[in-house]
Amino acid sequence: MKLNYLSLVLLGLISFTAFAQTPYTVRGSVVDTAGNKKLMNTSVSVLRSKDSTLVKFTRADENGTFSLNGLPKGKLFLLVTYPGYADYVEPFSLDSIKKNADFGNIRLTLKARLLADVIIKGKAAAIRIKGDTTEFDAAAYNIQPNSKVEDLLKQLPGIQIDKDGKITAQGKTVSKVLVDGEEFFGDDPTLVTKNLRGDMIDKVQLFDKKSDQAAFTGVDDGKTTKTINLKLKDDKKNGYFGKLEAGGATDSYYQTQAMLNAFKGKKKFSAYGTLANTGKIGLGWQDSNKYGSESLDFGEEYISVSNDGNDELSSFSGRYDNQGIPVAKTGGTHYDAKWNSNKESVNVNYKIGSLNVEGDRTTMVQNNLPSGIQITNSNEHFDNYMFRQKADGTYTIKLDTSSTLKISVDGMLKNTETRSGFTTNSQRGNGILLNETDRSISNDADNKAFNAKALWTKKLKKPRRSLSLNLWESITQTDGKGFLKSKSEFYNTEGILESDTVVDQFKTSLVKTSAFNSNLAYTEPIGKNLTVVLNYGLGINNSSANRKSFNPFAGGAYDLLDTLYSNNYQFNQLSNQGGAILNFKNNKTTVNFGTKIASVNFKQKDLYHQSVFRRDFINWSPQLNYMYKFSQQKSLGIWYNGTNTQPTIDQIQPVRVNNDPLNIIQGNPDLKASFRNSIEANYYSYRIISGQSISGYASYNVTSNPIVSNTTTDSAGKSTFQSINLRGKSASSLYLSLSGDRKIKAINLTVGINANINQSTSYNYINTELNKIQSSTYSGQIYMFKSKEKKYDVYTFFGPTYTTNESSVQKAINDNGWGFKGDGYFTVFLPGKFEVSTSGQYEYRAKTQSFDTNFHRFIWNATISKKFLKSEGLKFSLSANDLLNQNIGFYRTANGNMITQSNYTTIKRYFMGSVSWDFSKMGGSSTK
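Per the working numbering, the very first residue in the sequence shown carries number 1; after that it's consecutive.
The following block contains the structure:
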């Protein structure tokens, strides 16, 4: 009886299963368009039309045929891919009437032969996700003749490029742009995006670049850099291309540049030079940062040794931020090559550059104090100069089938000269004069830096078992000298002169650092999908800072040491770090978690006072990373990291810095590390059929024991700033970014929207009272892009912002207000090889409680060009910069209890005539 019941149950299950199976089927075969050969092992996928999720997947057999059964009814699409061929995509529907879809022979076309009108039903899949990489197919976007990579990137979903060439992707700044996986001119993305031709690009890959050691072990160590890799077309890897440009303008403006690139298989050579005072060519945004203050960051366990700008003898960073009139001269060379069956490679770069910036700046600062407010107005004239040389090289060799050695070295020599003059007056909240100051400062500083790294990796016999050793050494030195001259007058509550002070000093500064760090990592597989990584690191960091101030003595010689503003300090550290990380990975999911623990020993020695201060710390850094790949077009990633933020030597050294006698900076040798919990999440989705993309990025940071500013302002308006640790309170920040766009195929228009929220809570002390600062910025933008090859390009980006800034010490006073920004350009290609383009940037800031005037600025530029030659590579242009002459230098910001607004000299209207020649001979074609 029991057997009969069991038989009935099994029969019922079989019948239900048979009934539940869907009768819908697709079939077809895949062949090469030109050779008509069968393409075996072709990847065939069926996806839902509404959300691009994968329904079923198979591969074509040895005859190129395929069949997929048990499909659901509804709107679907077929995706057929094969290496080296253009993807084939075709929508179809299955229902009770049409249960089968027979695609017959699907003909794929080699990418090298692909023309815009070859495929009728199929098209290139614009975006796909490979692991943690988002890949864009350049063939799916319009690339105008002689356009640059920058013009291609502007069309890609989720990527924005500002007027200076700075790239933002998925809410993060892109700081590296590679070419075929290799660094190209090192650390300046704009040298690639503004000079490499857009029609050379096959794929654009966007990813978070891991450290070399993490990339080898396959386990994330939390140190990533948002990176773009440009994969070249096969026929663009042999030949040469470049650009020559020269232009002269009214008001003595000019710009010239030359760039030559020669590629031959696995070798690339490039050279460039620029000379300009228009601010449009010269220093790229990223490279200009490298001209600035040097810093050493050897991991979260160690104190960073940096010169962060508090030293008056190195206060010019070498950056141009549109303040003043610049004269930039830059040049450089690049070479990379692979040989010996790709077992050896080299990548070398050399750059030389100078930047001179002169101008004027007026600044108003509102200082919110517990007792009231103070308003400070200052006028500054500045004349800054910087000259730098930098070289770097990387050599990689595959020692054998299982081990690799990578050696990198770089060095830098820099000289800066700074001349600044200030006139300043401060008023009480009732308008009565508080103090006045005349000040001048002149500095000359020489900077030297050398870094060397070596990474050895070894794959052991057991799959996924490996050993790697990472070593690096860094040496820096800054040697500066200069003069500070200042006279300050102080007034009583009735505005009557009460006292004055004079400062006349000669200053010297010598800061040296020598750091060594190492990390040994061992990976061991545990089962099919689990791996453990064990690591140990030793760190040695020695630094010294000898800062002296001299007052004039008899005869006017500066030989009387002022001990109040002088100090000779040594700071040595020894650290031992160990950690373990578990990593799980399968086809769709990657999870890793673990922690690092470090024992850190500090020895701080004040040579002036013959005092020694020793401290020991135990630091830990947990991490948890999760990534899930829904499909080739959809992914989600979540990351958590706990890090220790160490104080810098500028914050720790017990010396008073009086480059501004009314604002004294005091070091604090008792500072301790703060601990930051950081959570990030990223989501990306793309639908092939609709061309719709959605991306979201979020980050939340909470810092315990934060390092905050302790400010004391006296009745005369003199302030002293010192960094301290804040116990019992946590600083926090939140950033949310959501963007989406969709292509309206009927009119070939891409429309997108961005929404951003940026909030922070921070603290400082003002005259012993704890001040809580809450700041928020809300912004939204709509952008549209439309392009037709050899016809037109149009792009616009606009939206409002609302900013709030509130301080607990003066709750009734805030800097809340609305703003609006817009940006756009339009280019039309006319008959006779004429081209007309125009662009504009609009900015509006509403008046606030602190500032009683609105600010608005519209910068309108226009160019008319005539092209020559068959390739249209030779171009003569007449252009107008800032036609309406509205480029008023302006910025407004809030920091702590201070609200600042500045106006400054900047480049305004001029008219320029220029000639440029884009030349190319790649893959057998040449400019004619």
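Quick reminder that beta carbons are idealized off the backbone N, C-alpha and C, glycines included.
The structure displayed is predicted, hence computed values, not measured ones.
In the same chain as residue 156, and ignoring 5 residues on each side of it, the C-beta atoms closer than 6 Å to its own belong to 136, in chain order. In this structure, the straight-line span from the alpha carbon of residue 399 to that of residue 795 is close to 50 Å. Inter-residue distance for residue 105 and residue 41 is about 15 Å (C-alpha atoms, whole angstroms).
If you draw a 10 Å sphere on the C-beta of residue 502, you find fewer than 16 other C-beta atoms in it, and that means exposed. By the Cβ-count criterion, residue 23 is exposed, with fewer than 16 other Cβ atoms from all chains shown falling within 10 Å of its own Cβ. If you draw a straight line from the Cα of residue 629 to the Cα of residue 588, it comes to about 5 Å.
The beta-carbon separation of residue 169 and residue 158, rounded to 6 Å, stays under the 8 Å limit for a contact. Linking residue 148 to residue 225 through their CA atoms gives a straight-line distance of about 23 Å.
Annotation for residue 152: the continuous alpha helix (DSSP H) segment containing it runs 149-153.
One alpha carbon belongs to residue 87, the other to residue 80, and they sit about 6 Å apart. In the three-state DSSP reduction, residue 40 falls in the coil class, being neither helix nor strand. The secondary-structure analysis by DSSP pairs residue 773 across a beta bridge with 762 and 807. With contacts defined as CB atoms closer than 7 Å, residue 781 and residue 814 fail to qualify as a contacting pair. Only residues of its own chain outside the window of five on either side were considered, and among them 837, 877 and 879 have a CB closer than 6 Å to the CB of residue 863, listed in chain order. One thing to note: residue 216 has its Cβ no nearer than 7 Å to the Cβ of residue 132. Residue 83 has its alpha-carbon roughly 14 Å from the corresponding atom of residue 128. Taking residue 467 as the centre and dropping the five residues before and after it, the same chain places the C-beta of 458, 460 and 522 closer than 7 Å to its C-beta, in chain order. The DSSP-derived three-state label of residue 278 is coil. If you ignore the 5 residues before and after residue 639, its C-beta comes within less than 6 Å of the C-beta of 625 and 680, all in its own chain and listed in chain order. Restricting attention to 371, 816 and 581, the CA atom closest to the CA of residue 894 is found in 816. Restricting attention to 822, 909 and 371, the CA atom closest to the CA of residue 250 is found in 909.
For the options 197, 443 and 509, the alpha carbon positioned closest to that of residue 484 is the one of 443. In the DSSP assignment, residue 191 falls within the unbroken alpha helix (DSSP H) covering 190-193.
With 16 or more other Cβ atoms from the protein chains shown falling within 10 Å of its own Cβ, residue 872 counts as buried. For the pair residue 779 and residue 805, the CB atoms are not nearer than the 7 Å cut-off.
Looking at the backbone, the Cα of residue 898 and that of residue 143 are separated by about 47 Å. Residue 504: member of the beta strand (DSSP E) spanning 497-526, first to last residue.
In the structure shown, residue 263 adopts extended strand secondary structure according to DSSP, grouped into three states. Around the beta carbon of residue 176, 16 or more other beta carbons sit within 10 angstroms, so the residue counts as buried. Using a Cβ distance threshold of 7 Å, residue 518 and residue 574 do not count as a contacting pair.
In this structure, residue 661 keeps its C-beta atom at 7 Å or more from the C-beta atom of residue 474.
Counting along the chain, residue 217 sits inside the alpha helix (DSSP H) bounded by residues 212-217. Residue pairing of residue 547 in beta bridges, as defined by DSSP: 509 and 567. Under the DSSP assignment, residue 477 falls in the beta strand (DSSP E) whose first and last residues are 466-491. Pairing residue 608 with residue 668 gives a Cβ-Cβ distance that is not under 7 Å. Its chain contains 656, 657, 658, 718, 719, 720 and 721 as the residues whose beta carbon lies nearer than 8 Å to that of residue 664, once the 5 sequence neighbours on both sides are disregarded; these appear in chain order.
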